[in-house]
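Notes follow the structure.
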Amino acid sequence: MTKRIMWIAGLATPVMITMLLLFVELPRVIANDQPSGANAAVKIDNFVFGPQTLTVPVGTTVTWTNSDDIPHTAVSTDGVFKSKVMDTDEKFSYTFTKAGTYPYYCTIHPKMTGKVVVQ
Amino acid sequence: MPDKKQDLIDQQLQDLNNDGVDRRGFLKCMAWAGTGLVWTMSGGIPISRAFAKGHGKDVGKSGDFSFVQISDSHIGFNKPANPDVTATLQTAINKINTMPHNPDFIIHTGDLSQLSKPSEFDTLDQVLKGASAKQIYFVPGEHDMLSDNGEQYLQRYGKGTKGNGWYSFDHKGVHFVGLVNVANLKAGGMGSLGHEQLEWFEDDLKGRSASTPIVLFAHIPLWTIYPDWGWGTDDSEQALSYVKRFGSVTVLNGHIHQVMQKVEGKVSFHTAMSTAFPQPAPGTAPSAGPMKVPADRLQRVLGITDVNYVVSGRSLAVVDSPLGEGSSASESGSGPGNS
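As you go down the protein sequences, you meet chains A and B in turn.
Convert by adding 1255 to the 1-based position in the first sequence; the result is the number in our numbering.
Convert by adding 26 to the 1-based position in the second sequence; the result is the number in our numbering.
What follows is the structure, encoded as structure tokens:
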């Protein structure tokens, strides 16, 4: 019985230390999360960009991730940005430095469309 | 969703000639068999019939010939829907090589590769080298034009073609036209031929006798099968207006990895199975992504298409044939008076 309690205590200590470290790390994460360097994600799943309309502040880096078994692209209709071909689990990032509406589509499956609104 | 699909099929069936052929049965059977297609050209009107039921029995007379359509090899694809697409392509080639009659040539209706990689094209070439038919005609799929705007495709498979790879040729009295509808696709749209190609196509048909059998082949279907998934070509109607005066037009497509058929007047549309992986029937899944079937069923949903042209008859016979053995196929015709 005593051994068991000690074992749990032995396990709990590193967990607590890790949690404490996480709290210490947290302010730094928040510090990076300002509008000037914010991150946002678009997931490509089942031939759909999600969310279809993404609204972000100026300076946001948007990362597209392809979760399909089929390659896709994310290409700005107005020629602002153009991803390489993203195979399964591959990503593409673009940082939006100007306010505006940026429609885009998959050049391989043009029925797939999306929009990034930068404010 | 299933109702939507049924409506779609019913709508397609309404367009068919009343020729006494149970086309619904054909479609259902083909959806099950799901692999290859044999077309026989007989006097310019397409008929389709079972691979297993003595297809090609009329072939061999003077002027008669057959060819095989294969499609959507997706060399480089390695996901669960088919971890070895090279092996299934090889099986398709073996099947062609053991056909009772030798096809004059093979048509590949695109998506040769998964990612347009040189190594993928190399592998494809290696497997196709083993085909007994040495002449192979290609059109690109969207997967063959990734990254480099299709330059590599043109260098390898499109020498002497126009634009993005379109061309025409004549074979034993039949006029074949390979069209490209996977380039410069517009946001929100489907497949597209584009103004330049349409002009060329109209010009290509000028001066040809209306009795010349025409075979059009392109990757994305030239008839609207399911717009929500982009299964159609935005400007196909214009292209089809140019062939209206011809007595027999056969349209062969790929892209949707399953057999679908429609007859509209003298135009017969047909899509082929993939040699790589099946895709869901329109509207029956959240997306058109690869469909995983049990491993022992895979070879029943992949296949080839044999097309036979018989001068003395009046029809072009098409036989879809799965890669796997022991599957049945059905017999069907699409022109009045075919047998």
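Heads up, the beta-carbon is just placed ideally off N, CA and C, and yes, glycines get one too.
Checklist line | Residues of its chain near K396 (chain B), where Cβ-Cβ distance is below 7 Å and the 5 sequence neighbours each way are ignored | finding: One cannot answer for residue 396 (chain B) here, as it falls past the ends of chain B, which runs 27 to 365.
Checklist line | CB contact below 8 Å: P1358 (chain A) versus chain B | finding: By this cut-off, P1358 (chain A) is an interface position.
Item checked: Interface flag, P348 (chain B) vs chain A, CB-CB below 8 Å -> no
Checklist line | Proximity test, Cβ basis, 8 Å: D1344 (chain A) and chain B | finding: no
Check: Of all the beta strand (DSSP E) runs that stay within the bounds of the region 181 to 266 of chain B, which reach a length of 3 or more residues?
Finding: 193 to 197, 200 to 204, 240 to 244
Margin query: Please report the straight-line C-alpha distance between V333 (chain B) and I282 (chain B), rounded to a whole angstrom.
Written below: 19 Å
Notebook entry, point to check: Which residues, taken in chain order from the region 1322 to 1333 of chain A, show a beta carbon closer than 9 Å to some beta carbon of chain B?
Noted result: D1323, D1324, I1325, P1326, T1328, V1330, T1332
Notebook entry, point to check: What did DSSP end up calling T1376 (chain A) once you bin it into helix, strand or coil?
Noted result: Because chain A in this structure spans residues 1256 to 1374, residue 1376 (chain A) falls outside the shown range and cannot be described.
Next item on the list: Please confirm if the region 1331 to 1346 of chain A is in contact with the region 1301 to 1315 of chain A, defined as three or more CB-CB distances below 8 Å between the two stretches.
Entry: In short, these stretches do not touch, since the Cβ pair count stays below three.
Notebook entry, point to check: Taking buried to mean at least 16 other C-beta atoms within 10 Å of its own C-beta, is Q181 (chain B) buried or exposed?
Noted result: exposed
Next item on the list: Give me the Cα-Cα distance between H1364 (chain A) and W257 (chain B), rounded to the nearest whole angstrom.
Entry: So the alpha carbons of these two residues sit roughly 10 Å apart.
Checklist line | Amino acids of chain A, ordered along the chain, whose beta-carbon sits closer than 8 Å to that of K143 (chain B) | finding: Within 8 Å Cβ-Cβ: nothing; K143 (chain B) doesn't reach chain A, min ~10 Å.
Checklist line | Beta-ladder partner(s) of L279 (chain B), from DSSP | finding: For the record, residue 279 (chain B) in the displayed sequence is Asn; it is not Leu. According to DSSP, which records beta bridges pairwise, N279 (chain B) is partnered with B:A244, B:T297.
Checklist line | Own chain partners of I251 (chain B) with C-beta closer than 7 Å, once the 5 adjacent residues on each side are dropped | finding: Result list for I251 (chain B): W257, G258, I282, M286, P308, in chain order.
Check: Is the CB-CB distance between L172 (chain B) and S142 (chain B) below 8 Å?
Finding: yes
Item checked: Interface residues of the region 290 to 317 of chain B facing chain A [CB-CB below 7 Å] -> P312, S313, A314, G315, P316
Note to self: Between which residues of its own chain and G1369 (chain A) is the CB-CB distance below 6 Å, once the five residues before and five after are set aside?
What the structure shows: Cβ neighbours of G1369 (chain A) beyond the five flanking positions: F1304, Q1307, Y1359.
Check: So with Cβ pairs under 8 Å, would you call P1365 (chain A) a contact of chain B?
Finding: yes
Margin query: I need the straight-line Cα distance from N1321 (chain A) to A209 (chain B), nearest angstrom please.
Written below: 22 Å
Margin query: Please state the DSSP three-state secondary structure of A118 (chain B).
Written below: helix
Checklist line | Assigned exposure category for H245 (chain B) - 16 Cβ within 10 Å defines buried | finding: buried
Margin query: Please confirm whether K1339 (chain A) has its beta-carbon closer than 8 Å to some beta-carbon of chain B.
Written below: yes
Next item on the list: Could you tell me which of B:A159, B:G220, B:G89, B:P312 sits nearest to D1377 (chain A), measuring between CA atoms?
Entry: In this structure chain A extends from 1256 to 1374, so residue 1377 (chain A) is not present and cannot be described.
Check: Where do the N-terminal and C-terminal ends of the alpha helix (DSSP H) with D151 (chain B) fall, by residue?
Finding: Unbroken alpha helix (DSSP H) run through D151 (chain B): 144 to 154.
Next item on the list: May I have the straight-line CA-CA distance separating G369 (chain B) from S1338 (chain A), to the nearest angstrom?
Entry: Any question about residue 369 (chain B) goes unanswered here, given that chain B covers just 27 to 365.
Next item on the list: Pick out whichever of B:G291, B:P253, B:V275 has its Cα sitting closest to the Cα of A343 (chain B).
Entry: When C-alpha distances from A343 (chain B) are compared across B:G291, B:P253, B:V275, the shortest belongs to B:V275.
Checklist line | Buried/exposed call for W1319 (chain A), threshold 16 Cβ in 10 Å | finding: Classification for W1319 (chain A): buried.
Checklist line | Same chain, Cβ closer than 8 Å to K1353 (chain A), five either side skipped, listed in chain order | finding: V1313, V1373
Next item on the list: Specify the secondary structure class of E290 (chain B) as computed by DSSP and reduced to three states.
Entry: strand
Note to self: Against chain A, with Cβ distances strictly below 8 Å, would S173 (chain B) count as a contact?
What the structure shows: yes
Check: In whole angstroms, what is the alpha-carbon distance linking D261 (chain B) and L278 (chain B)?
Finding: 16 Å
Check: When we look at the beta-carbon of D148 (chain B) and count the other beta-carbons within 10 Å, is it buried (16 or more) or exposed?
Finding: exposed
Notebook entry, point to check: Do you know offhand how far G291 (chain B)'s Cα is from V269 (chain B)'s?
Noted result: Their Cα atoms are separated by approximately 11 Å.
Notebook entry, point to check: Comparing the C-beta of N1294 (chain A) with each C-beta of chain B, is any distance below 8 Å?
Noted result: no
Next item on the list: Mind reading off the beta-carbon distance from F272 (chain B) to I133 (chain B)? Whole number of angstroms is fine, and I expect it under 8 Å.
Entry: 19 Å between Cβ atoms; not a contact.
Margin query: So with CB distances below 8 Å, who are the chain A contacts of W255 (chain B)?
Written below: F1302, K1366
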